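FYI, the numbering for the sequence shown is 10 to 141, going by my numbering. A short worksheet on the structure shown next.
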Amino acid sequence: MTGTHVAGKSNDDVKAFWSSSSIIFKFFPKLQKFFKNLDHIVIYLANISTITKSNFEAFRKLKFLWFVGNKVEVIESNVFDGNPLIEYVEFYGNSLKHVGKGVLSNLKRLTQLSFASNPCYTTGPNTAVDIE
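Next up, the structure:
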């Protein structure tokens, strides 16, 4: 991030955030204060091993979550409770050993899902029904 925008644009116009830094994830919930309209978040190869509800609950407009190539082992059942607008979830290539029961039950708009290439899901699931 450089802090500069295209002429005529501001932090309110930022819709997507991409990072491959584990350092930024420590301050992740605070990003919502700067980028109020984020609806796409990509955390790629950042060596993140733990995620919780508090990491995402500030992002009420979140539609797209791409969390690929990290080291997440557990996704608790309440992690997306504050994100009912999510349509796309990708956890490809993590270290998932456990996904909490009902983790996707709040995601009524979910259309795309991948947990492939994880210890507990080598080829899928690709739908909310598959994961339940």
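Note that beta-carbon positions come from the ideal geometry of N, C-alpha and C, so glycine has one too. Quick caveat: nothing in here was measured; it's all calculated off a predicted structure.
Excluding residues up to 5 positions away in sequence, 96 lie with their Cβ nearer than 6 angstroms to the Cβ of residue 120 in the same chain.
Counting only runs of 3+ residues, the beta strand (DSSP E) found wholly inside the region 34–62 occupies 49–53, in chain order. Beta-carbon to beta-carbon, residue 116 and residue 89 are separated by about 6 angstroms, close enough to satisfy the 8 angstroms threshold. A Cβ-Cβ contact shorter than 8 angstroms links residue 38 with residue 63. Non-local C-beta neighbours of residue 103 in its own chain, meaning closer than 6 angstroms and more than five positions away in sequence, comprise 79, 81, 127, ordered along the chain.
Ranked by how close their Cα comes to the Cα of residue 129, the residues 113, 118, 109 have 109 in first place. By the criterion of a C-beta distance shorter than 6 angstroms, residue 101 is surrounded in its chain by 77, 123, 125, 126, once the five residues flanking it on both sides are discounted.
Excluding five sequence positions before and after residue 41, the CB atoms of its chain that fall closer than 8 angstroms to its own CB belong to 47, 67, 68, given in chain order.
The beta carbons of residue 57 and residue 31 sit closer together than 8 angstroms.
Take residue 98, set aside five residues on each side of it, and the residues of its chain with a beta-carbon closer than 6 angstroms to its own are 74, 122, in chain order. The DSSP-derived three-state label of residue 84 is strand. For residue 107, DSSP records a beta bridge to 83. Of the other Cβ atoms in all chains shown, 16 or more fall within 10 Å of the Cβ of residue 65; this residue is therefore buried.
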